[in-house]
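Take 37 as the starting number for the sequence shown in our numbering and just add one per residue.
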Amino acid sequence: MRLLLSVVVILLLPLSALAECVGTDLRPGLSDTERTALQAAERDTPFPRGNHWLAEKDGQIIRVIGTMHLGDPRMDALTEQLAPHIETADLLFLEITRDEEKRMERMMASDPGLLLLTDTTLPEALDEETWALIADAARARGLPPFMAAKMQPWYLSVMLSIPACMMETLASDDNPGLDDRLITVAEDAGTPMRSLERIEDVISIFTEEPFEKQVSFLVASLMPERVSDDMMATTTESYFDEANAESWALARVLADRYMDMETSELDAAFADFEQSLLIDRNLSWMAHIERATETNIVIAVGALHLMGESGVLNQLEKRGYTLTRQLF
Numbered sequence: 037m038r039l040l041l042s043v044v045v046i047l048l049l050p051l052s053a054l055a056e057c058v059g060t061d062l063r064p065g066l067s068d069t070e071r072t073a074l075q076a077a078e079r080d081t082p083f084p085r086g087n088h089w090l091a092e093k094d095g096q097i098i099r100v101i102g103t104m105h106l107g108d109p110r111m112d113a114l115t116e117q118l119a120p121h122i123e124t125a126d127l128l129f130l131e132i133t134r135d136e137e138k139r140m141e142r143m144m145a146s147d148p149g150l151l152l153l154t155d156t157t158l159p160e161a162l163d164e165e166t167w168a169l170i171a172d173a174a175r176a177r178g179l180p181p182f183m184a185a186k187m188q189p190w191y192l193s194v195m196l197s198i199p200a201c202m203m204e205t206l207a208s209d210d211n212p213g214l215d216d217r218l219i220t221v222a223e224d225a226g227t228p229m230r231s232l233e234r235i236e237d238v239i240s241i242f243t244e245e246p247f248e249k250q251v252s253f254l255v256a257s258l259m260p261e262r263v264s265d266d267m268m269a270t271t272t273e274s275y276f277d278e279a280n281a282e283s284w285a286l287a288r289v290l291a292d293r294y295m296d297m298e299t300s301e302l303d304a305a306f307a308d309f310e311q312s313l314l315i316d317r318n319l320s321w322m323a324h325i326e327r328a329t330e331t332n333i334v335i336a337v338g339a340l341h342l343m344g345e346s347g348v349l350n351q352l353e354k355r356g357y358t359l360t361r362q363l364f
């Protein structure tokens with residue numbers, strides 16, 4: 037599911053890297069059928085566009101910001117524009133805070149089995165030709181095949197979803213994603229921060245899948261590097277266009293184009309990922325948001341969490357908030 041995971045890496049997971057890949061925005065070259073599918077998704081999706089919204093109810097203000105977890109120079113101006121809202125907020129909600137990220141690091145250090153296989157290796161689970169393809173993809177990312185062989189298949193799938201051109205700068209702090217930038221603003225201003233979920237909840241989305249299913253997703257993730265680079269470029273431009281429903285639908289459209297899987301299999305896989313990565317998490321987050329009694333709140337989460345029936349914006353509207361789109 038590399039196409040879908042590329043979207044996840046950019047818009048859902050807390051990673052920071054420099055967007056230095058040379059890819060092409062695929063949207064202008066879509067076929068009429070593909071373009072129609074995107075238009076239908078946007079038409080049928082609540083709050084399909086917009087990365088900055090104001091929700092108001094009974095004197096409480098909730099500002100919702102859709103973020104991208106990868107760095108881009110255009111975020112300098114965005115951060116400057118959004119900083120006053122963070123500095124004056126009573127509370128900043130994030131998917132996970134830096135304290136939660138540190139706890140994740142400690143958890144993984146104490147339980148290597150979260151990321152590494154303990155009683156088998158991937159070459160043992162795959163035929164020789166398929167493993168050779170995976171080893172080449174890992175090698176292109178600076179990951180020695182002997183290390184990749186010991187990785188949990190879900191984790192290696194995520195690693196392979198990141199274009200090879202980004203790997204050297206993945207851990208760079210020079211150009212962080214919008215989440216990290218807003219966290220720094222909050223730290224400097226003394227704005228309280230709170231996580232919307234525990235890191236265990238995110239990891240369990242992947243680890244609860246059976247090993248055989250994880251392996252099948254890993255195999256399905258193999259495709260030309262050009263496709264990965266182009267998908268990264270396309271999703272990034274879609275983010276700055278504030279076209280969130282389009283980003284999600286585009287992954288499905290391009291999967292039909294590039295992946296060697298039956299339509300029914302792709303439909304089931306995408307429905308499963310949407311339920312786990314978006315719907316379940318969004319609804320869980322709303323319980324935390326509803327309990328917040330602060331008057332001036334900012335919610336900064338991956339942009340895909342804003343759109344859709346279960347999206348944060350639609351859920352706030354269902355709870356009686358009046359929403360107004362803001363400058364982004």
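All C-beta atoms in this analysis are idealised placements derived from N, C-alpha and C, irrespective of residue type, glycine included. Values in this document were obtained by computation on a predicted structure and should not be read as measured data.
Open item on the list: For the beta strand (DSSP E) containing A279, name the first residue and the last one.
Closed with: Careful: A279 lies outside any beta strand (DSSP E) and carries neither H nor E.
TODO: Please check the pair I122 and L218, which I expect to be a contact at CB under 8 Å, by giving their CB distance rounded to whole angstroms.
DONE: Indeed, because the Cβ distance is near 6 Å, the residues count as touching under 8 Å.
Task: Selection from L196, P189, R139 and T220 that minimises the alpha carbon distance to A160 - done: What sits at residue 160 in the sequence shown is Glu, not Ala. Of the candidates L196, P189, R139 and T220, the one whose C-alpha sits nearest the C-alpha of E160 is P189.
- [ ] Using three-state DSSP, classify L66 as helix, strand or coil.
- [x] coil
Task: Cβ-based neighbour list, W321, same chain, cut-off 6 Å, excluding 5 preceding and 5 following - done: L232
Open item on the list: Can you tell me whether L214 is buried or exposed? The criterion is at least 16 other CB atoms within 10 Å of its CB, across all chains shown.
Closed with: buried
TODO: Starting from the Cα of E164, find the closest Cα among Q96, A185, T220 and L179 and give me that residue.
DONE: A185
Task: Cβ contact check for the region 301-320 and the region 86-93: 3 or more pairs under 8 Å - done: no
TODO: Take L130 as the anchor and find which of E116, M144, M111 and R99 has the nearest alpha-carbon.
DONE: Across the set E116, M144, M111 and R99, the C-alpha of R99 shows the shortest separation from the C-alpha of L130.
Open item on the list: By alpha-carbon positions, which one of M267, Y357, S312 and Y275 ends up nearest to D61?
Closed with: M267
- [ ] Report, in whole angstroms, the separation of the C-beta atoms of Y275 and S283, which I expect to be a contact under 8 Å.
- [x] Contact flag correct, Cβ pair sits at about 7 Å.
TODO: State buried or exposed for F253, treating a residue as buried only when at least 16 other CB atoms are found within 10 Å of its CB.
DONE: buried
Task: Cβ-based burial, Q250 [other Cβ within 10 Å; buried from 16] - done: buried
Open item on the list: One question on the structure: do L349 and L340 come within less than 7 Å of each other, judged by their Cβ atoms?
Closed with: no
- [ ] Please list the segments of the alpha helix (DSSP H) lying wholly inside the region 63-143, counting only runs of 4 or more residues, in order along the chain.
- [x] 68-80 and 111-123
TODO: Within 10 angstroms of the Cβ of T358, are there 16 or more other Cβ atoms? Answer buried if so, exposed if not.
DONE: exposed
- [ ] Please list, in chain order, all residues of the same chain as I235 whose beta carbon is under 8 Å from its beta carbon, the five residues on each side excluded.
- [x] I132, E136, E137, R139, M140 and M143
- [ ] Identify whether M187 lies in helix, strand or coil by the three-state DSSP scheme.
- [x] strand
- [ ] Hey, could you find the ends of the beta strand (DSSP E) S312 is sitting in?
- [x] Looking at the DSSP string, S312 is not in any beta strand (DSSP E), and its letter there is neither H nor E.
Open item on the list: Going by DSSP, what residue range makes up the beta strand (DSSP E) through L359?
Closed with: T358 to R361
TODO: Answer yes if the region 309-329 comes into contact with the region 72-80, meaning at least three C-beta pairs across the two stretches below 8 Å, and no otherwise.
DONE: no
Task: Same chain, Cβ closer than 8 Å to L192, neighbours up to 5 away in sequence not counted - done: Result list for L192: L158, I170, A174, A184 and L254, in chain order.
- [ ] Starting from S346, trace the alpha helix (DSSP H) both ways and give me its first and last residue.
- [x] Where S346 is concerned, there is no enclosing alpha helix (DSSP H), given that its DSSP letter is neither H nor E.
- [ ] Return yes when the Cβ of L352 is within less than 7 Å of the Cβ of A91, no when it is not.
- [x] yes
Open item on the list: Rounded to whole angstroms, what is the Cα-Cα separation between L258 and D216?
Closed with: Distance between the alpha carbons of L258 and D216: 30 Å.
Open item on the list: Report the CB separation of G107 from P180 in whole angstroms; it is logged as a contact under 8 Å.
Closed with: Between G107 and P180, the beta carbon gap of about 26 Å keeps them out of contact (Cβ cut-off 8 Å).
TODO: Determine the direct distance from the alpha carbon of R110 to that of P64, and round the result to whole angstroms.
DONE: Their Cα atoms are separated by approximately 22 Å.
Open item on the list: Quick check: the Cα distance between T299 and D292, rounded to an integer number of angstroms?
Closed with: 7 Å
Open item on the list: Comparing C-alpha positions only, which one of T72, V221, R230 and E345 sits nearest to A328?
Closed with: When C-alpha distances from A328 are compared across T72, V221, R230 and E345, the shortest belongs to R230.
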